[in-house]
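Enquirer: Under the UniProt record's numbering, the first residue of the sequence shown carries the number 1, and numbering increases by one thereafter.
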Amino acid sequence: MKNTITIKDVAKKAGVSISTVSRVINDSKPVTDEVKQKVLDVIKETGYIPNPLARSLVTKRSQLIGVIVPEVSDSFVNEILNGIEEVAKMYDYEILLANTYSDKEQELKSINLLRAKQVEGIVMVCWKVEEDHINYIQNCGIPATYISKTARDYDIYTVSTSNKEATYDMTKYLIDKGHEDIAFIMTSKDDTVLERERLSGYEQALNERNIKLDESLIKYGGTTYEAGYESMKELLDEGIVPQAAFVTGDEAAIGAINAACDRGYKVPEDISVAGFNDVKIAKMYRPKLTTVYQPLYDMGAVAIRMVIKLINKEPLESKKIELPYKIIERESVITRK
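1) According to DSSP, is Met1 part of a helix, a strand, or is it coil?
2) Is the beta carbon of Leu296 sitting closer than 8 Å to the one on Glu79?
3) Val123 by DSSP, collapsed to three states: which one?
4) Could you spell out where the alpha helix (DSSP H) holding Glu86 opens and where it closes?
5) With respect to the alpha helix (DSSP H) encompassing Lys38, which residues constitute its N-terminal and C-terminal limits?
6) May I ask you to report which of helix, strand or coil DSSP gives Ile182?
7) Buried or exposed: where does Thr187 fall if 16 or more other Cβ atoms within 10 Å of its Cβ makes it buried?
8) Which value, in whole angstroms, describes the spacing of the CA atoms of Met1 and Ala303?
9) By Cβ distance, which residues of its chain are closer than 6 Å to Pro50, with the 5 residues on each side in sequence left out?
10) Looking only at C-alpha atoms, which of Ile211, Glu329, Val307 sits nearest to Asp278?
11) Quick check on the burial criterion: 16 or more other C-beta atoms within 10 angstroms. Buried or exposed for Asn163?
12) Ordered along the chain, which non-local residues of its own chain (more than five positions away) have a Cβ less than 7 Å from that of Ser62?
13) Alpha carbon to alpha carbon, how far is Met299 from Ile95? Give it in angstroms, no decimals.
14) Starting from Asn112, trace the beta strand (DSSP E) in both directions and tell me its first and last residue.
15) According to the Cβ coordinates, are Gly178 and Arg336 closer than 8 Å?
16) Give the straight-line distance between the Cα atoms of Tyr225 and Gly255, rounded to the nearest whole angstrom.
17) When you compare each of Asp237, Ile211, Asp250 to Gly222 by their alpha carbons, which one comes out closest?
18) If we call anything under 8 Å between Cβ atoms a contact, is Val69 one with Asn99?
19) For Glu94, which three-state DSSP category applies?
20) Quick check: the stretch 263-276 against the stretch 210-222, are there 3 or more CB pairs under 8 Å?
21) Would you kindly report the start and end of the unbroken alpha helix (DSSP H) that includes Ala227?
22) Would you mind reading off the limits of the beta strand (DSSP E) that contains Ile68?
23) Classify Asp74 as buried or exposed, calling it buried when 16 or more other Cβ atoms lie within 10 Å of its own Cβ.
24) Taking Ser22 as part of the alpha helix (DSSP H), name the residues at either end of that continuous run.
25) On a CA-only basis, which of Ile43, Ala144, Asp92, Asp33 is nearest Lys320? Give me that one, please.
26) Secondary structure at Gly255, three-state DSSP: helix, strand or coil?
27) Okay, do the stretch 226-238 and the stretch 258-265 touch, 3+ Cβ pairs below 8 Å being the bar?
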């Protein structure tokens with residue numbers, strides 16, 4: 001059977017030494033074209049598969065990149081992973097995936113585990129990157145890039161979108177649709193660069209249209225459906241019925257829609273709702289969600305490409321890369337007359 005073929009068998013069939021076969025496989029030392037082709041032909045004929053561990057000992061390369069994620073089933077994470085995996089294959093890297101369920105202790109353990117597996121680089125996707133994560137990875141000497149709402153608070157390699165501008169544009173879009181009482185449901189209450197930028201974008205759009213900021217319209221929740229539901233429920237229970245709600249996460253926005261419906265309000269007829277990210281469920285839910293498109297696939301692709309460049313000591317133009325966004329108009333926002 002193919003999996004019983006050894007390097008010794010290949011060498012014997014090709015009429016060369018084991019070390020010559022190793023040189024051909026690992027491209028470590030020159031051999032003649034004739035000998036190289038003979039060895040490659042035998043490898044193809046026998047179906048010999050080199051031992052990756054043995055190969056890594058020769059080349060000093062594992063061809064492994066570790067990817068740490070907070071929740072593999074999360075739609076935001078899933079689309080980023082698609083970009084990571086496809087680009088990894090293009091450059092002949094394999095992915096080792098660590099799912100941490102947003103547990104900081106597990107995130108640190110995952111870094112240590114990936115180090116033991118001799119990964120050449122790490123892409124870390126987490127809701128809240130902290131100094132402990134950064135220091136731990138740096139102390140391991142492993143190149144890394146980060147996709148996280150707090151990553152831009154630190155001097156590290158990051159991939160993100162222009163959050164202030166995106167929030168400003170969506171708020172302005174809602175105003176242009178005739179909405180003035182716009183609830184702003186933020187999916188985090190942490191004081192980070194991202195949250196400050198989003199709040200600043202929201203306030204700027206209101207100020208430019210001479211709409212007074214109403215603190216009672218601002219709620220802080222989480223990224224989940226349940227968090228969005230609770231935030232909208234709180235607003236309505238307080239007797240506040242906004243003309244529109246801008247929720248900075250699609251799943252939370254859908255939770256907000258259902259909370260409004262459970263209170264007897266129609267979306268978008270009574271309350272328009274907009275989201276952020278444009279994950280798959282945004283176009284599957286009814287009404288289809290108007291949202292800010294973030295290029296999640298591209299974020300993953302760019303993050304792993306950055307890591308590969310760091311591994312190969314190739315130059316990078318910037319430590320912090322921002323990708324473009326756009327407003328996606330669907331059914332959850334109407335023009336209010």
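Built from N, CA and C at the ideal position, the CB exists for glycine as well.
Expert: Judging by the given coordinates:
1) Your numbering for residue 1 matches position 1 in the sequence shown. With a pLDDT of 38 at Met1, under the threshold of 50, the modelled position of this residue cannot be trusted, and the question is left open.
2) Position 296 of the sequence shown, counting from 1, holds the residue named residue 296. Position 79 of the sequence shown, counting from 1, holds the residue named residue 79. Closer than 8 Å, so yes.
3) Residue 123 sits at position 123 when you count from the first residue of the sequence shown. Strand.
4) For the purposes of this step, residue 86 is taken as the residue at position 86 of the sequence shown. Run containing Glu86: 75-90, per the alpha helix (DSSP H) assignment.
5) Translated into positions along the sequence shown, residue 38 becomes position 38. In this chain, the alpha helix (DSSP H) harbouring Lys38 covers 33-46.
6) Translated into positions along the sequence shown, residue 182 becomes position 182. Ile182: strand per DSSP, three-state reduction.
7) In the sequence shown, residue 187 corresponds to position 187, counting from 1. By the 10 Å Cβ count, Thr187 comes out buried.
8) Here residue 1 refers to the residue found at position 1 of the sequence shown. Here residue 303 refers to the residue found at position 303 of the sequence shown. Note that Met1 has pLDDT 38, beneath the 50 cutoff, so the model's placement of it is unreliable and no number is given.
9) For this step, residue 50 is matched to residue 50 along the sequence shown. Sequence-distant Cβ neighbours of Pro50 in its own chain, meaning closer than 6 Å and more than five residues away, are Ile25.
10) Numbered from its first residue, the sequence shown carries residue 278 at position 278. Ranked by how close their Cα comes to the Cα of Asp278, the residues Ile211, Glu329, Val307 have Glu329 in first place.
11) Position 163 of the sequence shown, counted from the first residue, corresponds to residue 163. Buried, because 16 or more other Cβ atoms sit within 10 Å of the Cβ of Asn163.
12) As a first step, residue 62 is located in the sequence shown; it is residue number 62 there, counting from the start. Here the set comprises Ser56, Gln118, Val119, Glu120.
13) In the sequence shown, residue 95 corresponds to position 95, counting from 1. In the sequence shown, residue 299 corresponds to position 299, counting from 1. Approximately 16 Å between the Cα atoms of the pair.
14) Here the question's residue 112 lines up with position 112 in the sequence shown. No beta strand (DSSP E) contains Asn112, which is instead part of the alpha helix (DSSP H) from 104-116.
15) Counting from 1 along the sequence shown, the entry for residue 178 is found at position 178. Counting from 1 along the sequence shown, the entry for residue 336 is found at position 336. A contact, by the Cβ cut-off of 8 Å.
16) For the purposes of this step, residue 225 is taken as the residue at position 225 of the sequence shown. For the purposes of this step, residue 255 is taken as the residue at position 255 of the sequence shown. Cα to Cα, the separation comes out at about 4 Å.
17) As a first step, residue 222 must be located in the sequence shown, where it is residue number 222. Residue Asp250 is the option with its Cα nearest to Gly222.
18) The sequence position of residue 69 within the sequence shown is 69, counting from 1. The sequence position of residue 99 within the sequence shown is 99, counting from 1. If you check the CB distance, Val69 and Asn99 come in under 8 Å.
19) Counting from 1 along the sequence shown, the entry for residue 94 is found at position 94. Glu94: strand per DSSP, three-state reduction.
20) Of all C-beta pairs linking the stretch 263-276 to the stretch 210-222, fewer than three are shorter than 8 Å, placing the two stretches out of contact.
21) Position 227 of the sequence shown, counting from 1, holds the residue named residue 227. Start and end: 225-237.
22) Within the sequence shown, numbered from 1, the residue matching residue 68 stands at position 68. Going by DSSP, Ile68 is part of the beta strand (DSSP E) stretching over 64-69.
23) By one-based count along the sequence shown, residue 74 stands at place 74. Asp74 should be labelled buried.
24) As a first step, residue 22 is located in the sequence shown; it is residue number 22 there, counting from the start. DSSP places Ser22 inside the alpha helix (DSSP H), whose first and last residues are 18-26.
25) One-based indexing of the sequence shown puts residue 320 at position 320. Per the Cα distances, Ala144.
26) Taking the first residue of the sequence shown as 1, we reach residue 255 at position 255. Helix, per DSSP.
27) Proximity of the stretch 226-238 to the stretch 258-265 meets the contact definition, three or more beta-carbon pairs being nearer than 8 Å.
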